[in-house]
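A.B. asks: My questions all concern the structure below.
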Amino acid sequence: MKTFNLPDLGEGLQEAEIVSWHVKEGDVVKVDQPLLSVETAKAVVDVPSPWSGKIAKLHGKAGDIIPTHSALVDFDIEGGAAAPASAKKEDAAAQKAAPDSKKSTPIAEDSGTVVGNVPTSNAVVAETAIIRKKQKLEPQRVKALPSVRIKAKEMGVDLAGIPPTGKNDTVTLDDLRNAAGGGNRGGSAPSAPAARWDVPAKRTDVKYGVAEPLRGPRRAMHASMTKSRSEVAECTLFDDADIHNWMPGQDITVRIVRAIVAGCRAEPELNAWYDGEKLERTIHERIDLAMAVDTPDGLIVPILRRVESKNAQQLRDDLNRIKEATRNRSVAPADMKDPTITLSNFGMMAGRYATPVVVPPQVAILGTGGLRYDVVPVMGGIEVHKRIPLSITFDHRCITGGTACRWLAAVIKDLEKAQ
Amino acid sequence: MAKVTMVEAITMAMAHEMERDPSVVVLGEDVGLNGGVFRATQGLQQRFGKDRVMDTPLAEALIAGISIGMAAQGMKPVAEIQFSGFIYPTVDQMINHAGRLRTRTRGRLHVPMVLRAPSGGGIHAPEHHSESNEAMFAHMPGIRTVMPSSPSRAYGLLLAAIRDPDPVVFLEPTRLYRLNKAEVEDDGKALPLDTCFVLREGEDVTLVSWGAMVHETLQAAAKLGEEGVSCDVIDLATVAPIDFDTILESVEKTGRLVIIHEAPRNCGVGAEIAATVAEKAIYSLKAPIGRVTGYDIPMPLFKLEHDYMPSVDRVVKGIRKVLEA
Numbered sequence: 001m002k003t004f005n006l007p008d009l010g011e012g013l014q015e016a017e018i019v020s021w022h023v024k025e026g027d028v029v030k031v032d033q034p035l036l037s038v039e040t041a042k043a044v045v046d047v048p049s050p051w052s053g054k055i056a057k058l059h060g061k062a063g064d065i066i067p068t069h070s071a072l073v074d075f076d077i078e079g080g081a082a083a084p085a086s087a088k089k090e091d092a093a094a095q096k097a098a099p100d101s102k103k104s105t106p107i108a109e110d111s112g113t114v115v116g117n118v119p120t121s122n123a124v125v126a127e128t129a130i131i132r133k134k135q136k137l138e139p140q141r142v143k144a145l146p147s148v149r150i151k152a153k154e155m156g157v158d159l160a161g162i163p164p165t166g167k168n169d170t171v172t173l174d175d176l177r178n179a180a181g182g183g184n185r186g187g188s189a190p191s192a193p194a195a196r197w198d199v200p201a202k203r204t205d206v207k208y209g210v211a212e213p214l215r216g217p218r219r220a221m222h223a224s225m226t227k228s229r230s231e232v233a234e235c236t237l238f239d240d241a242d243i244h245n246w247m248p249g250q251d252i253t254v255r256i257v258r259a260i261v262a263g264c265r266a267e268p269e270l271n272a273w274y275d276g277e278k279l280e281r282t283i284h285e286r287i288d289l290a291m292a293v294d295t296p297d298g299l300i301v302p303i304l305r306r307v308e309s310k311n312a313q314q315l316r317d318d319l320n321r322i323k324e325a326t327r328n329r330s331v332a333p334a335d336m337k338d339p340t341i342t343l344s345n346f347g348m349m350a351g352r353y354a355t356p357v358v359v360p361p362q363v364a365i366l367g368t369g370g371l372r373y374d375v376v377p378v379m380g381g382i383e384v385h386k387r388i389p390l391s392i393t394f395d396h397r398c399i400t401g402g403t404a405c406r407w408l409a410a411v412i413k414d415l416e417k418a419q
Numbered sequence: 420m421a422k423v424t425m426v427e428a429i430t431m432a433m434a435h436e437m438e439r440d441p442s443v444v445v446l447g448e449d450v451g452l453n454g455g456v457f458r459a460t461q462g463l464q465q466r467f468g469k470d471r472v473m474d475t476p477l478a479e480a481l482i483a484g485i486s487i488g489m490a491a492q493g494m495k496p497v498a499e500i501q502f503s504g505f506i507y508p509t510v511d512q513m514i515n516h517a518g519r520l521r522t523r524t525r526g527r528l529h530v531p532m533v534l535r536a537p538s539g540g541g542i543h544a545p546e547h548h549s550e551s552n553e554a555m556f557a558h559m560p561g562i563r564t565v566m567p568s569s570p571s572r573a574y575g576l577l578l579a580a581i582r583d584p585d586p587v588v589f590l591e592p593t594r595l596y597r598l599n600k601a602e603v604e605d606d607g608k609a610l611p612l613d614t615c616f617v618l619r620e621g622e623d624v625t626l627v628s629w630g631a632m633v634h635e636t637l638q639a640a641a642k643l644g645e646e647g648v649s650c651d652v653i654d655l656a657t658v659a660p661i662d663f664d665t666i667l668e669s670v671e672k673t674g675r676l677v678i679i680h681e682a683p684r685n686c687g688v689g690a691e692i693a694a695t696v697a698e699k700a701i702y703s704l705k706a707p708i709g710r711v712t713g714y715d716i717p718m719p720l721f722k723l724e725h726d727y728m729p730s731v732d733r734v735v736k737g738i739r740k741v742l743e744a
């Protein structure tokens, strides 16, 4: 017993309606003998038999709708010799059926096409289609070239109030300038007065729109930042140090350096190098503090050596020296080599907190924002205190959050001392 | 009043005109016994006989050629091309003869013929069955090109096309043939050619479309209408010559123009509209003119045809771009 399924009669049709059977159960049929007529969305077509054999069962009667690929006819094949894969035969049958479709007789109800699928619905639409009477509109709308409109938009001027002097009553650029300059020759004031709007002039020292290769320190920055991004698991902690109690004459940068020393004394793990490949950490006793300095050429990071062993005056001298060296680009490569921790003191320009980026093999970088006056609660009241915003980024691969918090607490504690 | 689909309205117009005017004849492949591949000529042969509804050989150049000959001698042939992709063999006849016989003979002969063809995509048809080639005909002097977008305009414009003393290429959006129905009275009243139809009135932006894309355009206008943007929607209807009065008047009112067509962008009819508006109404434009069109590639096979044809979203996006400029 073999079952012949309704083949796809072309164009991916989903179903077909049985018009009439040409055979009945018990008939013996030959290959290609028409089995039945079906009506598809295309037309009425005859479906030929894929096999020779005896009809065992017909699935469906005239008028039934049969989905494509569902059972159509059961055959008793003589000798039980399985005919070749039925799918192939079905396709062949479909191929045979399809070209006949054009020859078939006209049909009353069809989809109205021999190809494809014309979308059909009985929805009734109502529409209004107006033929406009040609009439000259009164010139109430502003006429102006697009360039004038753009200029007016830039200047914040409403064109509607400007008396046009151009051809065809257009508002010209001169009209716009006169109106914006207050020179209303017509006497009628613009409906919206031009607001003063000072846009800063563009920088003349910048090459716009040209791709330029990165050079020098910027190239180095590219390398170190890329390395950091690909290796370090960064985590940043924010807090503030309240310096309300400072004695007069404190050197802010020097105090910050001392506070870092205090932090590293409490939690030396942040003053360290980490080798992520070997999974080795080296904690340093010496504190060689890299100072990120912004220059016109890019970021330069000279080092204050052995800051843990120096007093305030020595630190100030060192700071002045590296500042000078940085300014005239005379920092020796050796003076930028092998820092153990970094300070980025960005706050003198703008910015409160940041997420500074750790440069491996270092494991920590402290960012200090601008000093500012904050409203702080004190003993149930309110006072205004000067505070330093602090942001410490650490490599979470080798430093725990707890360690970083304790380090920052030690820094704050030292910074908040009166002197 | 009968509720009819666009294809039924087309049949109705031909039947009306054949009844009224014995010089009207219908010819084409399968238009007689079969009633046309899209059933546009269904029943006409039974009603008017084989002399007036003629099945032709599969030869489009012949269909156009004998139509021109009959027209020049006083008949009014309405020829059907099965699909717009098969219309190209007629081009020689149309451009070299239909479009210029009046000029060539100083008005002694003219060609009152109609060349009907389905047009555009969206019905999942095979290759060559889905093209929008109205710009090609629009570029031919001496020939009118008309594309209806509703059953009532199909009826009224086809009547006008048959009655017109000069050749009209009448491109019928296949996708709209049975998309919906409308009440169309078989009163024999023609609509004017060379005239735009305003389908929705608005103040903020002018939308110009024709054929099947009118439907996406109206849906886009309705969508933007919900956001308070009012669109002046114009159905071009006669693609050539264009009724620029209606378009210019609307652009002078709105200051913004978006043209929507299914055909490829390059040298499409939208380009002609944009150029003329730039020439004649640039002082009224508040923003660059926008176009939402098919792409400059052969119409893809049917799996991708809806990526090719501008969708409502694409139309809305195109309008927003012009509104925000």
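So the protein sequences, as listed, match chains V and C. Using my numbering, you'd call the opening residue of the first sequence number 1 and step up by one each time. Using my numbering, you'd call the opening residue of the second sequence number 420 and step up by one each time. No residue lacks a Cβ here, since even glycine has one placed at the ideal position from N, Cα and C. Keep in mind the model is a prediction, meaning the values are calculated, not measured.
1) Report the option in C:535, C:496, C:438 and C:739 whose CA atom is closest to the CA atom of residue 647 of chain C.
2) For residue 389 of chain V, list the residues DSSP reports as bridge partners.
3) In the DSSP assignment, the beta strand (DSSP E) including residue 669 of chain C goes from what residue to what residue?
4) Among C:679, C:558, C:556 and C:504, which residue has its Cα nearest to the Cα of residue 537 of chain C?
5) If contact means a Cβ-Cβ distance below 8 Å, which residues of the segment 115-127 of chain V contact chain C?
6) Can you tell me which of the three DSSP states residue 21 of chain V falls into?
7) Distance cutoff 8 Å, beta carbons only. Does residue 442 of chain C sit that close to anything in chain B?
8) Quick one, which of V:341, V:390, V:383 and V:328 has its alpha-carbon nearest residue 351 of chain V's?
9) Using the C-alpha atoms, what's the distance from residue 704 of chain C back to residue 557 of chain C?
10) So is residue 146 of chain V in contact with chain C if we call contact Cβ pairs under 8 Å?
11) Anything in chain C within Cβ reach of residue 170 of chain V, meaning under 8 Å, just list it in chain order.
12) How about the segment 298-315 of chain V and the segment 233-244 of chain V: do they share at least three Cβ pairs that are nearer than 8 Å?
13) Is it buried or exposed for residue 725 of chain C, if we count other Cβ within 10 angstroms and need 16 for buried?
14) In its own chain, which residues sit with a C-beta less than 7 Å from the C-beta of residue 720 of chain C, not counting the 5 before and 5 after it?
15) Quick one: what does DSSP say residue 27 of chain V is sitting in, helix, strand or coil?
16) Residue 407 of chain V lies in the alpha helix (DSSP H); which residues open and close that run?
17) Suppose you measure from the CA of residue 148 of chain V to the CA of residue 173 of chain V; what does that come to, to the nearest Å?
18) Per DSSP, which one or two residues make a beta bridge with residue 345 of chain V?
19) So is residue 614 of chain C in contact with chain V if we call contact Cβ pairs under 8 Å?
20) Going by beta carbon distance, what residues of the same chain come within less than 7 Å of residue 479 of chain C, once the five residues before and after it are set aside?
21) At which residue ranges does the segment 287-352 of chain V contain complete alpha helix (DSSP H) runs of 4 or more residues, listed in the order of the chain?
22) Kindly indicate if chain C contains any beta-carbon less than 8 Å away from that of residue 162 of chain V.
23) Residues of chain C with CB under 7 Å from residue 151 of chain V, in chain order?
24) Please state if the CB of residue 358 of chain V and the CB of residue 364 of chain V are separated by a distance shorter than 8 Å.
25) Taking the CB atoms as reference points, tell me whether residue 445 of chain V and residue 234 of chain V lie closer together than 8 Å.
26) Please confirm whether residue 156 of chain V has its beta-carbon closer than 8 Å to some beta-carbon of chain C.
27) Rounded to whole angstroms, what's the CA-CA distance from residue 599 of chain C to residue 124 of chain V? Just pull it up for me.
28) So, helix, strand or coil for residue 507 of chain C, using DSSP?
29) I want to verify the contact list: residues of chain C whose CB lies under 8 Å from the CB of residue 141 of chain V, in sequence order.
30) Inspect the beta-carbon positions of residue 178 of chain V and residue 702 of chain C and report whether they are closer than 8 Å.
31) Can you give the beta carbon distance from residue 74 of chain V to residue 120 of chain V, rounded, assuming they're within the 8 Å contact cut?
32) Candidates C:535, C:644, C:585 and C:610: which alpha carbon is nearest residue 521 of chain C's?
33) How would you list, in chain order, the residues of chain V whose beta-carbon sits under 9 Å from the beta-carbon of residue 516 of chain C?
34) Does the beta carbon of residue 594 of chain C come closer than 8 Å to any beta carbon on chain V?
35) Over the uninterrupted beta strand (DSSP E) stretch that includes residue 421 of chain C, give me the two end residues.
36) Check the Cβ of residue 16 of chain V against every Cβ in chain C and list those closer than 7 Å, keeping chain order.
C.D. replies: So, to answer that:
1) Counting from 1 along the second sequence, the entry for residue 647 of chain C is found at position 228. Nearest C-alpha to residue 647 of chain C: C:739.
2) The sequence position of residue 389 of chain V within the first sequence is 389, counting from 1. Paired residue(s): V:240.
3) Locating residue 669 of chain C in the second sequence gives position 250, counting from the first residue. Premise fails: residue 669 of chain C lies in the alpha helix (DSSP H), 663-673, not in any beta strand (DSSP E).
4) For the purposes of this step, residue 537 of chain C is taken as residue 118 along the second sequence, with counting starting at 1. Residue 537 of chain C has its Cα closest to that of C:504, out of C:679, C:558, C:556 and C:504.
5) 115, 116, 117, 118, 119, 120, 121, 122, 123, 124, 125, 126 and 127
6) In the first sequence, the residue the question calls residue 21 of chain V occupies position 21. Strand.
7) Given the protein chain composition of this structure (V and C), no chain B is represented.
8) Residue mapping note: residue 351 of chain V aligns to position 351 of the first sequence, counting from 1. Considering only alpha carbons, the answer is V:390.
9) Against the second sequence, residue 557 of chain C aligns to sequence position 138. Against the second sequence, residue 704 of chain C aligns to sequence position 285. Cα to Cα, the separation comes out at about 25 Å.
10) Here the question's residue 146 of chain V lines up with position 146 in the first sequence. True, the Cβ-Cβ gap to chain C drops below 8 Å.
11) The count along the first sequence starts at 1 and reaches residue 170 of chain V at position 170. The contacting residues are 702.
12) no
13) On the second sequence, residue 725 of chain C is found 306 positions in, with the first residue counted as 1. When all chains shown are included, residue 725 of chain C counts as exposed.
14) Counted from its first residue, the second sequence places residue 720 of chain C at position 301. Answer for residue 720 of chain C: 546, listed in chain order.
15) Sequence index remark: in the first sequence, residue 27 of chain V carries index 27 (1-based). Residue 27 of chain V falls in the coil class under three-state DSSP.
16) In the first sequence, the residue the question calls residue 407 of chain V occupies position 407. From DSSP, the alpha helix (DSSP H) with residue 407 of chain V extends over 401-415.
17) Residue 148 of chain V sits at position 148 when you count from the first residue of the first sequence. Residue 173 of chain V sits at position 173 when you count from the first residue of the first sequence. Their backbone Cα atoms lie some 6 Å apart in a straight line.
18) Against the first sequence, residue 345 of chain V aligns to sequence position 345. V:368.
19) Position 195 of the second sequence, counted from the first residue, corresponds to residue 614 of chain C. Yes, because at least one Cβ of chain V sits closer than 8 Å to the Cβ of residue 614 of chain C.
20) On the second sequence, position 60 is the one that residue 479 of chain C refers to. Here the set comprises 500, 505, 506, 508 and 509.
21) 312-327
22) One-based indexing of the first sequence puts residue 162 of chain V at position 162. Judged by the 8 Å Cβ criterion, residue 162 of chain V is not in contact with chain C.
23) For the purposes of this step, residue 151 of chain V is taken as residue 151 along the first sequence, with counting starting at 1. The premise fails here: residue 151 of chain V is roughly 13 Å from chain C at the closest Cβ pair, so nothing lies under 7 Å.
24) As a first step, residue 364 of chain V is located in the first sequence; it is residue number 364 there, counting from the start. As a first step, residue 358 of chain V is located in the first sequence; it is residue number 358 there, counting from the start. For residue 364 of chain V and residue 358 of chain V, yes; Cβs fall inside 8 Å.
25) Residue 445 of chain V is absent from the structure shown; chain V starts at 1 and stops at 419.
26) In the first sequence, the residue the question calls residue 156 of chain V occupies position 156. No, residue 156 of chain V lies away from the interface with chain C (no Cβ there is under 8 Å from its Cβ).
27) As a position in the second sequence, residue 599 of chain C is number 180, starting the count at 1. As a position in the first sequence, residue 124 of chain V is number 124, starting the count at 1. Computed Cα separation, rounded: 6 Å.
28) Within the second sequence, the letter at position 88 stands for residue 507 of chain C. Helix, per DSSP.
29) As a position in the first sequence, residue 141 of chain V is number 141, starting the count at 1. Here the neighbours are 671, 672, 674 and 703.
30) The count along the first sequence starts at 1 and reaches residue 178 of chain V at position 178. The count along the second sequence starts at 1 and reaches residue 702 of chain C at position 283. Going by C-beta atoms, residue 178 of chain V is not nearer than 8 Å to residue 702 of chain C.
31) Along the first sequence, read from residue 1 onward, the residue named residue 74 of chain V stands at position 74. Along the first sequence, read from residue 1 onward, the residue named residue 120 of chain V stands at position 120. Their Cβ separation, rounded to whole angstroms, is 35 Å, which puts residue 74 of chain V and residue 120 of chain V out of contact at 8 Å.
32) Taking the second sequence and counting its residues from 1, the one referred to as residue 521 of chain C is at position 102. Answer by Cα proximity: C:585.
33) Taking the first residue of the second sequence as 1, we reach residue 516 of chain C at position 97. The premise fails here: residue 516 of chain C is roughly 30 Å from chain V at the closest Cβ pair, so nothing lies under 9 Å.
34) As a position in the second sequence, residue 594 of chain C is number 175, starting the count at 1. Closer than 8 Å: yes.
35) If you number the second sequence from 1, residue 421 of chain C lands on position 2. That run of the beta strand (DSSP E) goes 421-423.
36) Here residue 16 of chain V refers to the residue found at position 16 of the first sequence. The premise fails here: residue 16 of chain V is roughly 17 Å from chain C at the closest Cβ pair, so nothing lies under 7 Å.
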